[in-house]
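Visitor: To start, I am sharing the structure in question, which I have written as structure tokens.
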Amino acid sequence: MEKHFDPNSIETKWYQTWEKSGYFKPQTSTTGEHYSIMIPPPNVTGSLHMGHAFQDTIMDTLIRYHRMRGDETLWQPGTDHAGIATQMVVERQLAAKGLSRHDLGRDAFIQKIWEWKAESGGTITQQLRRLGASPDWSRERFTMDDGLSDAVKEVFVQLHEEGLIYRGKRLVNWDPVLHTAVSDLEVLSEEEMGSLWHMRYPLSDGSGHLIVATTRPETMFGDQAVAVHPDDERYQNLIGKTITLPLVGREIPIIADDYVEMEFGTGCVKITPAHDFNDYEMGKRHNLPMLNVMTIDAAMNEEVPEKYQGLDRFEARKQVIADLETQDLMEKIVPHKLMVPRGDRSHAVIEPFLTDQWYVAVQELAKPAIDAVKNGDIEFVPKNWENTYFEWMNNLQDWCISRQIWWGHRIPAWYDEAGNVYVARSEEEVRSKYNLDASHSLKQDDDVLDTWFSSALWTFSTLGWPEKTVELEKFHPTSVLVTGFDIIFFWVARMIMMTLKFTGEVPFKQVYVHGLVRDSEGQKMSKSKGNVLDPIDLIDGIDLESLVAKRTTGMMQPEKAAKIEKTTRKHFADGIESYGTDALRFTFASLASTGRDIRFDLNRCEGYRNFCNKLWNATRYVLMNTEEKDTGTDETLDTELSLADKWIISKLQNVETEVAKHFDQYRFDLAAHTLYEFTWNEYCDWYLELVKPILNSKTATEAQQRGTRQTLVRVLETILRLLHPITPYITEEAWHSVASLAGKTGDTIMLQPYPQANEALIDTASEQELEWVKHVIMGVRKIRSEMDIAPSKALPILLTNLQDQDKTWLENNRVFLQTLAKLDTITLLDNEKEAPESAVALVGEMKILIPMAGLIDKEAELSRLSKEIKRLEGEVKRFNGKLSNESFVSKAPEAVVEKEKQKLQDTETALKNLKDQYEKISQI
2 MEKHFDPNSI ETKWYQTWEK SGYFKPQTST TGEHYSIMIP PPNVTGSLHM GHAFQDTIMD
62 TLIRYHRMRG DETLWQPGTD HAGIATQMVV ERQLAAKGLS RHDLGRDAFI QKIWEWKAES
122 GGTITQQLRR LGASPDWSRE RFTMDDGLSD AVKEVFVQLH EEGLIYRGKR LVNWDPVLHT
182 AVSDLEVLSE EEMGSLWHMR YPLSDGSGHL IVATTRPETM FGDQAVAVHP DDERYQNLIG
242 KTITLPLVGR EIPIIADDYV EMEFGTGCVK ITPAHDFNDY EMGKRHNLPM LNVMTIDAAM
302 NEEVPEKYQG LDRFEARKQV IADLETQDLM EKIVPHKLMV PRGDRSHAVI EPFLTDQWYV
362 AVQELAKPAI DAVKNGDIEF VPKNWENTYF EWMNNLQDWC ISRQIWWGHR IPAWYDEAGN
422 VYVARSEEEV RSKYNLDASH SLKQDDDVLD TWFSSALWTF STLGWPEKTV ELEKFHPTSV
482 LVTGFDIIFF WVARMIMMTL KFTGEVPFKQ VYVHGLVRDS EGQKMSKSKG NVLDPIDLID
542 GIDLESLVAK RTTGMMQPEK AAKIEKTTRK HFADGIESYG TDALRFTFAS LASTGRDIRF
602 DLNRCEGYRN FCNKLWNATR YVLMNTEEKD TGTDETLDTE LSLADKWIIS KLQNVETEVA
662 KHFDQYRFDL AAHTLYEFTW NEYCDWYLEL VKPILNSKTA TEAQQRGTRQ TLVRVLETIL
722 RLLHPITPYI TEEAWHSVAS LAGKTGDTIM LQPYPQANEA LIDTASEQEL EWVKHVIMGV
782 RKIRSEMDIA PSKALPILLT NLQDQDKTWL ENNRVFLQTL AKLDTITLLD NEKEAPESAV
842 ALVGEMKILI PMAGLIDKEA ELSRLSKEIK RLEGEVKRFN GKLSNESFVS KAPEAVVEKE
902 KQKLQDTETA LKNLKDQYEK ISQI
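Numbering-wise (our numbering), the sequence shown opens with residue 2 and increments by one.
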């Protein structure tokens with residue numbers, strides 16, 4: 002092995018070997034069990050972000066774990082065609098050449114998209130490889146490939162034949178730039194400052210007026226009523242009367258509805274059923290007309306007075322306000338914060354819009370999906386997410402599945418010149434099914450299906466449905482879905498509904514719901530904040546100038562680019578160090594608790610890089626002491642295990658049990674912690690030190706040294722297998738160096754059996770005895786540290802108040818104690834009063850006394866401590882002054898204030914320790 006651990010030198014080499022050798026494909030089961038996960042398909046336009054990296058690390062850890070457990074394991078990869086996002090990418094390329102998709106026509110434009118996918122659509126899958134992900138790439142699927150397209154048509158046709166898919170005119174989220182309906186997931190609502198316009202609506206009988214408040218005056222042309230609460234005494238006498246709609250002259254009724262909040266505004270609400278979702282529901286309840294007053298561009302249409310026709314909605318707003326003020330119909334205008342819905346792709350303000358769309362009637366599909374979770378066929382982890390699921394499922398609205406774009410699964414419906422609709426899998430099937438000859442003109446629907454429609458079929462369509470394939474039989478239902486909580490509504494629930502409907506099975510047995518990855522301060526990562534982390538940058542490292550260039554290149558707005566450059570320089574003044582894939586993955590695993598949010602801290606990443614270095618150096622140390630030596634692979638030769646050997650073997654059994662339990666319970670954080678503590682503290686720090694007296698002893702027998710060398714390599718080899726699901730690269734590289742010494746054979750660690758505890762090897766007595774030895778050594782080291790005694794100085798120690806067990810363990814372990822604690826002599830005292838002035842440490846009831854005479858200059862040490870105590874007292878005073886300054890606390894960023902509080906806490910702790918040390922030395 003190389004002297005230093007260099008992730009870059011091994012990662013590409015091993016990944017290419019794994020993929021080329023077919024190790025990611027399902028292997029024959031040794032347990033009789035099958036295990037499968039379907040990767041939530043990332044957008045084909047996407048690149049790996051922190052959420053992907055976290056989620057895919059969790060999935061890959063599970064897959065590698067079950068693969069090593071002997072289950073026949075499939076991780077099914079694939080990407081989503083991402084209708085709107087992909088179409089926008091190619092449209093921008095055409096726009097750069099002065100063309101639009103309409104210049105090319107539908108078929109040629111779609112061909113352009115396929116060409117783009119072939120050239121640029123594999124970015125994220127290549128990045129997944131960099132992350133060490135091990136799906137069966139030979140089975141990679143795409144939501145627009147032939148098999149999945151056939152499945153989509155089959156589902157659509159069957160649902161239509163059962164009356165569960167229909168076409169109707171309803172209100173949708175409309176993007177006036179993209180000219181399509183969009184799902185709720187594609188709408189980002191952010192708080193913005195606007196206005197609340199209070200307008201006077203005259204009563205038709207001339208007896209006065211009502212005041213209504215609105216944030217969208219331009220929609221008044223579509224008003225069909227004014228609503229008040231039925232219990233509002235102010236307006237009860239007006240219910241049933243009419244007002245005359247300003248600027249239009251149309252009379253509309255005053256109605257009563259419980260939805261109106263009496264306390265909000267004036268208690269009067271204008272009802273525009275075709276341009277507001279709440280108004281739409283009220284309009285249906287009161288049989289109000291649905292009047293659409295806008296075009297697909299969100300301009301005023303021919304339904305409004307002529308002077309407003311053709312005006313953009315915001316230009317129309319200005320004109321409406323001006324005209325109302327001229328007619329003295331504007332009561333007042335007040336500033337108002339409101340949530341403004343914007344399209345996540347176009348950033349245009351989304352308009353509620355009344356259009357003809359295709360819908361899935363979900364009520365019939367919802368009940369079995371609710372029951373599947375209630376009866377335990379599907380389990381949410383953590384369980385509380387079931388409540389979120391039930392809340393949404395019990396309030397389902399029919400699902401709008403049509404989109405007015407060209408890229409996607411074209412809706413399998415055809416229209417004749419009379420407007421009749423025919424649904425079938427192809428035009429040929431339409432003509433055959435409905436007996437239409439070639440003279441009967443047909444035109445296929447121009448719309449495509451919502452991307453989430455094909456994604457809802459993902460678990461079974463990727464395994465060959467509607468054919469009854471071997472893979473479908475083996476791997477469905479899948480074992481677990483690993484997903485973020487933000488798409489429980491849009492994807493998880495729909496998968497459950499569709500899969501139950503078409504396979505009679507649940508899509509997965511468990512849903513592991515993880516949180517969002519935030520920065521170390523809990524802030525959402527965003528480009529404008531400059532705190533975005535790229536997983537590949539964390540793996541490879543990147544200097545500041547390259548990072549700035551990467552984030553600002555191609556930005557159309559110089560002001561935005563300048564802001565991002567400023568925030569990036571602030572957050573990453575030193576660039577980003579290279580941590581390697583294993584350290585990044587271990588960081589993700591350590592953060593994978595059952596909480597909602599994940600705070601990603603680069604300091605932890607650095608800590609786990611150090612862990613990888615520690616493991617690497619430990620492996621080299623073991624090799625130096627075992628290569629070309631007898632490591633006990635010949636079972637006919639005698640081996641004798643030391644106390645340290647028995648202790649580490651026994652502790653290993655506990656670790657194997659704990660890690661398996663944590664993986665099975667999706668507590669990756671606890672599994673990572675257990676492995677870290679055992680590897681770093683117990684194996685590397687303690688065991689490797691404890692065996693030195695045996696390995697270097699001239700009096701140890703060959704059987705004793707053979708036993709220790711055997712334990713060294715076998716425990717290390719087991720550690721590597723335990724760690725492999727989380728840290729695949731370093732464990733693969735190190736395993737090939739130690740496998741043969743541990744009596745193992747094979748081409749890869751990833752197909753080795755995952756370690757399982759052997760209760761017969763648990764040795765409680767050895768664990769207790771060795772822990773006693775550790776505490777004696779730690780007691781001596783603690784006194785050395787507190788008294789500032791050189792580590793090289795051999796110390797005499799006195800022991801008092803020993804129990805019989807202490808005496809036995811002392812005689813058994815004098816060599817360990819004298820070597821590792823650097824002791825000169827060990828003397829037992831019957832009476833503590835006979836001891837000179839000493840520093841004291843406790844091990845149970847036994848006392849360790851170290852005489853101080855000649856070891857330290859008491860007065861000099863007290864003088865030094867006094868100066869340091871005085872300095873720290875000044876620091877505490879300074880921090881307290883800063884934190885009691887109201888101006889600093891109120892104006893400084895929260896993160897800066899918290900950092901100062903932490904500094905104060907650390908300084909106070911250090912000060913207390915020094916005062917305790919001063920007190921102890923004073924008493925000597």
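All residues carry an ideal CB built from backbone N, CA and C; glycine is no exception.
1) Once the 5 residues before and after A22 are set aside, which same chain residues still bring their CB inside 8 Å of it?
2) Counting C-beta neighbours from all protein chains within 10 Å, is the total for G780 16 or more, i.e. buried, or is it exposed?
3) If contacts are defined as beta-carbon pairs under 8 Å, then R286 and I537 qualify, I think. What distance do you get, rounded to the angstrom?
4) For S196, which residues does DSSP report across the bridge?
5) Just checking my contact of W810 with E770 at CB under 8 Å: how many whole Å lie between their CB atoms?
6) Could you give the DSSP three-state label for D825: helix, strand or coil?
7) Measuring alpha carbon to alpha carbon, tell me which residue in T504, V471, W466 and A457 is nearest L482.
8) Give every residue of the same chain whose Cβ lies closer than 7 Å to the Cβ of K118, excluding the five residues on either side of it in the sequence, and list them in chain order.
9) In the DSSP assignment, find the unbroken alpha helix (DSSP H) run with F391 in it and report its ends.
10) How long is the line joining the alpha carbons of L100 and V229, rounded to whole angstroms?
11) Assuming K502 is part of the beta strand (DSSP E), what are its boundary residues?
12) In chain order, what residues of the same chain lie with their CB nearer than 7 Å to the CB of G523, ignoring the 5 residues before and after it?
13) With a 10 Å radius around its C-beta and 16 neighbouring C-beta atoms as the bar for buried, classify V335 as buried or exposed.
14) Does the Cβ-Cβ distance between V507 and P383 come in under 8 Å?
15) Taking only runs of the beta strand (DSSP E) that begin and end inside the region 747 to 828, which ones reach a length of at least 3 residues, in chain order?
16) Can you tell which of D575, A97 and E163 has its C-alpha closest to the C-alpha of S547?
17) Based on DSSP bridge pairs, tell me the residues matched to S403.
18) Applying the criterion that 16 or more other CB atoms from any shown protein chain within 10 Å of the CB defines a buried residue, is P41 buried or exposed?
19) If we require 4 or more residues per run, which alpha helix (DSSP H) segments fall completely within the region 49 to 82?
20) So what's L246 in DSSP terms, helix, strand or just coil?
21) Whose C-alpha, out of N9, G52, T13 and W76, is nearest the C-alpha of K26?
22) To the nearest angstrom, how far is it from the Cα of V91 to the Cα of I85?
23) Take W19 as the anchor and find which of K783, M751 and T216 has the nearest alpha-carbon.
24) For F476 versus L464, is the C-beta distance shorter than 8 Å?
25) Which word fits V533, buried or exposed, when buried means at least 16 other C-beta atoms lie within 10 angstroms of its C-beta?
26) My understanding is that I540 touches Y580, with C-beta atoms under 8 Å, so please give their C-beta distance in whole angstroms.
27) In the DSSP assignment, what residue or residues form a beta bridge with G344?
28) So who's on the other strand from N44, going by DSSP bridges?
29) List the DSSP bridge partners of A414.
30) Quick test of your reading: V549 and E566, contact by CB under 8 Å. State the CB separation rounded to the nearest angstrom.
31) If you check the beta carbons only, do I497 and A370 fall under 8 Å apart?
32) CB-CB under 8 Å to L723, same chain, minus the five flanking residues each way: which ones, in chain order?
33) Please classify H572: does DSSP put it in a helix, a strand, or coil?
34) Smallest Cα separation from F486: which of L603, R495, V512 and E703?
35) Smallest Cα separation from S135: which of I727, S786 and G882?
36) Do S480 and S37 have their beta-carbon atoms positioned less than 8 Å apart in this structure?
Guide: So, to answer that:
1) In the sequence shown, the residue the question calls residue 22 occupies position 21. In the sequence as displayed, the identity of residue 22 is Ser instead of Ala. If we look at S22 and ignore the five residues flanking it on each side, its Cβ neighbours are D748 and T749.
2) Start at 1 with the first residue of the sequence shown, and residue 780 comes out as number 779. Label assigned to G780: buried.
3) Stepping through the sequence shown from its first residue, residue 286 is reached at position 285. Stepping through the sequence shown from its first residue, residue 537 is reached at position 536. With a Cβ gap of about 53 Å, R286 and I537 do not count as contacting.
4) Within the sequence shown, residue 196 is the residue found at index 195, counting from 1. DSSP lists P336 as partners of S196.
5) As a working mapping, residue 810 is identified with position 809 in the sequence shown. As a working mapping, residue 770 is identified with position 769 in the sequence shown. Their Cβ separation, rounded to whole angstroms, is 5 Å, which keeps W810 and E770 in contact under 8 Å.
6) Locating residue 825 in the sequence shown gives position 824, counting from the first residue. Strand.
7) By 1-based counting over the sequence shown, the position of residue 482 is 481. Out of T504, V471, W466 and A457, A457 has the C-alpha closest to the C-alpha of L482.
8) What you label residue 118 is simply residue 117 of the sequence shown in a count that begins at 1. Result list for K118: V45, in chain order.
9) Within the sequence shown, numbered from 1, the residue matching residue 391 stands at position 390. From DSSP, the alpha helix (DSSP H) with F391 extends over W386 to M394.
10) Here residue 100 corresponds to residue number 99 of the sequence shown, with the count starting at 1. Here residue 229 corresponds to residue number 228 of the sequence shown, with the count starting at 1. Taking the straight line joining both Cα atoms gives about 52 Å.
11) One-based indexing of the sequence shown puts residue 502 at position 501. That residue, K502, is in no beta strand (DSSP E); its alpha helix (DSSP H) goes A494 to T504.
12) Residue mapping note: residue 523 aligns to position 522 of the sequence shown, counting from 1. Taken in chain order, the residues that qualify are D598 and R600.
13) Taking the sequence shown and counting its residues from 1, one reaches residue 335 at position 334. So V335 counts as exposed.
14) For this step, residue 507 is matched to residue 506 along the sequence shown. For this step, residue 383 is matched to residue 382 along the sequence shown. Cβ distance not < 8 Å, so V507 and P383 don't count as in contact.
15) 796 to 801
16) To locate residue 547, count along the sequence shown from 1; it is residue 546. Nearest of D575, A97 and E163 to S547, Cα basis: D575.
17) One-based indexing of the sequence shown puts residue 403 at position 402. According to DSSP, which records beta bridges pairwise, S403 is partnered with L450.
18) Numbered from its first residue, the sequence shown carries residue 41 at position 40. Buried is the call here.
19) 51 to 70
20) Taking the sequence shown and counting its residues from 1, one reaches residue 246 at position 245. Three-state result, L246: coil.
21) Taking the first residue of the sequence shown as position 1, residue 26 is located at position 25. Taking only the C-alpha atoms, the option nearest K26 is W76.
22) Mapped onto the sequence shown, residue 91 falls at position 90. Mapped onto the sequence shown, residue 85 falls at position 84. When rounded, the distance between both Cα atoms is 10 Å.
23) On the sequence shown, residue 19 is found 18 positions in, with the first residue counted as 1. Here the closest residue by C-alpha is M751.
24) By 1-based counting over the sequence shown, the position of residue 476 is 475. By 1-based counting over the sequence shown, the position of residue 464 is 463. It is a contact, given that the beta carbons lie within the stated cut-off.
25) For the purposes of this step, residue 533 is taken as residue 532 along the sequence shown, with counting starting at 1. Classification of V533: buried, given that the 10 Å Cβ count is 16 or more.
26) The count along the sequence shown starts at 1 and reaches residue 540 at position 539. The count along the sequence shown starts at 1 and reaches residue 580 at position 579. That pair is a contact at about 7 Å.
27) Position 343 of the sequence shown, counting from 1, holds the residue named residue 344. Paired residues: V188.
28) Along the sequence shown, read from residue 1 onward, the residue named residue 44 stands at position 43. Answer by DSSP bridge pairing, in chain order: D81.
29) Residue numbering aside, residue 414 sits at position 413 when the sequence shown is read from its first letter. BP columns for A414 point to V424.
30) Within the sequence shown, residue 549 is the residue found at index 548, counting from 1. Within the sequence shown, residue 566 is the residue found at index 565, counting from 1. Between E566 and V549 the Cβ distance is about 5 Å, and since that is below 8 Å, they are a contact.
31) One-based indexing of the sequence shown puts residue 497 at position 496. One-based indexing of the sequence shown puts residue 370 at position 369. Yes.
32) Position 722 of the sequence shown, counting from 1, holds the residue named residue 723. If we look at L723 and ignore the five residues flanking it on each side, its Cβ neighbours are V656, E657, V660, L676, Y755 and P756.
33) For the purposes of this step, residue 572 is identified with residue 571 of the sequence shown, where counting begins at 1. Helix.
34) To locate residue 486, count along the sequence shown from 1; it is residue 485. Considering only alpha carbons, the answer is V512.
35) Here residue 135 is taken as the residue at index 134 of the sequence shown, counted from 1. Selected option, being the one with the closest Cα: I727.
36) Residue mapping note: residue 37 aligns to position 36 of the sequence shown, counting from 1. Residue mapping note: residue 480 aligns to position 479 of the sequence shown, counting from 1. Contact flag set, yes.
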